[in-house]
Each structure stands twice: as structure tokens, then as C-alpha cells.
Amino acid sequence: MGCFQSTAKRRQHPGYEDPVHLASQTAFSVSEVEALFELFKSISGSVIDDGLINKEEFQLALFKNTRKENLFANRIFDLFDVKKRGVIDFGDFVRALNVFHPNFPMEEKIDFSFKLYDMDNTGFIERKEVKQMLIALLSESEMRLSDETIETILDKTFSDADVNQDGKIDRAEWENFVSRNPSLMKIMTLPYLKDITTTFPSFVFHSEVDDI
Amino acid sequence: TNFNAFDIISLSSGFDLSGLFEDN
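Residue numbers (our numbering), protein chains in the order written: chain S, 1 to 212; chain V, 1001 to 1024.
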């Protein structure tokens, strides 16, 4: 059904992987991986039709425009870009979305969120990084807070999270902190990934999958 | 304030990936 694309043509896409293999590595079914390929094709062909998602195409898909710079979307893109080539291939795309699947282990979600906030990849979430992210969010939402208020929020956050008070949050401290503040992990789960073929039928419609 | 910084940061639209699944 829909627009047919042969398996041979699909294999020409860089990073294309066998859906059965990808489904065996992830919480997605084979038909869901096939549907995700249709989505991937649409996003990866939106600016340059090279079968890879670059940062501009990622932003375009998220925000429907390419001019909206967003620190956090950039950070998510960087973590999706496992091979650090500045682009996301299909295998990376499916495995990265899998992290946000409701069935993905919480321990690994915590790990991903730690890397997300450890922007300088030092193995610690440092106060200067948290301040930078806080200021970015305030700017994004056009909220104004005095510098004194920002420092007070940082003081409170680090007095709660930085148990050994060395000025930075390590992996164990982060796990401890999110276990006491489970709402912080909400962004790491997208409930609709459990049922993408019915929640987002628009891209599935064009899939050649029969078993949905 | 009762907020911690991560509560505030997690409000960013950059974390909302639902746009990926909507029509491009």
C-alpha cells in the first residue's frame, strides 16, 4: 500500500539497517521500525536529500522552522549523532528514539539524561553548565529573573544534588537526585512511542507495512 | 524558591520530540 519503495532502494540509504535486526535491539516491533523509516525519509529529505538527518533538518522537524536555535534541541541532536559526524543515520535515529520508549530501562534513561546535561562531557554536571542551561531556558520562554534569583536557584539545586559539595554533580549524585525528584525524568519518556503506528498515522499511511 | 534548576530547564520546548512525528 502507499508509495512503494523496494528493499534494494532502501538499502541505498546510509545507515539503513534491517528492520528485523533493529527491532531485535529495541522496544519497537518490525512494523514500527518500518514506519519509523518512512518518518526518517521524510525528515532526512527535507533540506538535503542525502538519506541523513542534519541539524537543520532536525530543527525543521521539531519546530517547523530552521531559525529557532535551541540549546536543548542541539544537545539532543548531539546525543542522537552517536558517530559524531554531524548527521544522524537511520540506525542511530531508531536506537536514540528507543531511549525515550516507555519500556526502555530507567537506569539507562538516567544515564542519557546525565549526558544530556553534562554539556562539556567532563563526566560531571557543573554549576556553570546548569547556569548556562537555566539562562537559555529563561531566554527561550522570555522570562526574566534577576541574577540574584538565578544564583539562589543554583545554590538550592546544588545543596540538594551535590551531596559531597564539591561544586559539581557526578553520576551517582545525579541518580540519587532524580530518584528523589522523579518528575525530572518525565522528559526521558515519550508515552506515544508505545503506539506510534496509531498515534501518528500520517507517516505510517505511506508505509508498505501490512501488519499494522 | 522551591524550584530546582532542572525543574525549570526541563520545561524547554527542545525536549519535546513530538514535532518529529508531525507532518513536515
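The beta-carbon is built from N, C-alpha and C at its ideal position, and this holds for glycine as well.
Residue burial classification, residue i (beta-carbon count within 10 angstroms, cutoff 16)
i	result
Gly91/S	buried
Ile48/S	exposed
Phe77/S	buried
Asp81/S	buried
Arg75/S	buried
Thr152/S	exposed
Phe1031/V	Only positions 1001 to 1024 of chain V appear in this structure, which leaves residue 1031/V out of reach.
Glu17/S	buried
Lys41/S	buried
Pro182/S	exposed
Asp89/S	buried
Contacting residues, own chain, Cβ-Cβ under 8 Å from residue i (five flanking each side not counted)
i	result
Gln132/S	Leu71 and Met119
Val214/S	In the structure displayed, chain S extends from 1 to 212; residue 214/S sits before or after that span and is not available.
Gly86/S	Asn54 and Lys55
Met185/S	Met106, Lys109, Ile110, Ser113 and Val178
Pro191/S	Pro102
Arg95/S	Leu22, Gln25, Thr26 and Val82
Own chain partners of residue i with C-beta closer than 6 Å, once the 5 adjacent residues on each side are dropped
i	result
Ala136/S	Leu71
Ser113/S	Met188
Glu129/S	Met119
Glu126/S	Lys168
Asp1023/V	none
Ser46/S	Glu57 and Leu60
Glu69/S	none
Identified DSSP bridge partners for residue i
i	result
Ile125/S	Ile169/S
Val87/S	Asn54/S
Cβ shell of residue i (< 7 Å), same chain only, five flanking positions each side left out
i	result
Asp210/S	In this predicted model, Asp210/S has a pLDDT of only 47, less than 50, meaning its place in the structure is not dependable; the value taken from the coordinates is given anyway. Excluding positions up to five away in sequence, the list is empty.
Arg171/S	Phe114
Phe145/S	For clarity, residue 145/S is Leu in the given sequence; the question names Phe instead. Hits under 7 Å: Leu138.
Ser141/S	none
Thr199/S	Tyr192
Asp160/S	Phe177
Ser29/S	Ala23
Check whether residue i and residue j have beta carbons under 8 Å apart
i	j	result
Leu1017/V	Phe100/S	yes
Lys64/S	Gly1014/V	no
Leu62/S	Ala73/S	yes
Gly51/S	His13/S	yes
Thr157/S	Ala1005/V	yes
Thr197/S	Ser31/S	yes
Ile27/S	Phe93/S	The amino acid at residue 27/S is misidentified as Ile; the sequence shows Ala. Their beta carbons are not under 8 Å apart, which means Ala27/S does not touch Phe93/S by this criterion.
Leu97/S	Leu193/S	yes
Glu38/S	Pro19/S	no
Leu134/S	Ile1009/V	yes
heavy atom of the ligand SAH below 7 Å from residue i C-beta
i	result
Arg171/S	The ligand SAH is absent from the structure shown, which contains no ligands of any kind.
Residue-chain proximity (residue i, chain B), Cβ-Cβ < 8 Å
i	result
Lys41/S	Protein chains in the displayed structure are S and V, and chain B is not among them.
Next item on the list: Please list the segments of the alpha helix (DSSP H) lying wholly inside the stretch 68-122 of chain S, counting only runs of 4 or more residues, in order along the chain.
Entry: 71-80, 90-99 and 106-117
Next item on the list: Could I get the ranges of all uninterrupted alpha helix (DSSP H) runs contained in the stretch 174-205 of chain S, with 4 residues as the minimum, in chain order?
Entry: 196-199 and 201-204
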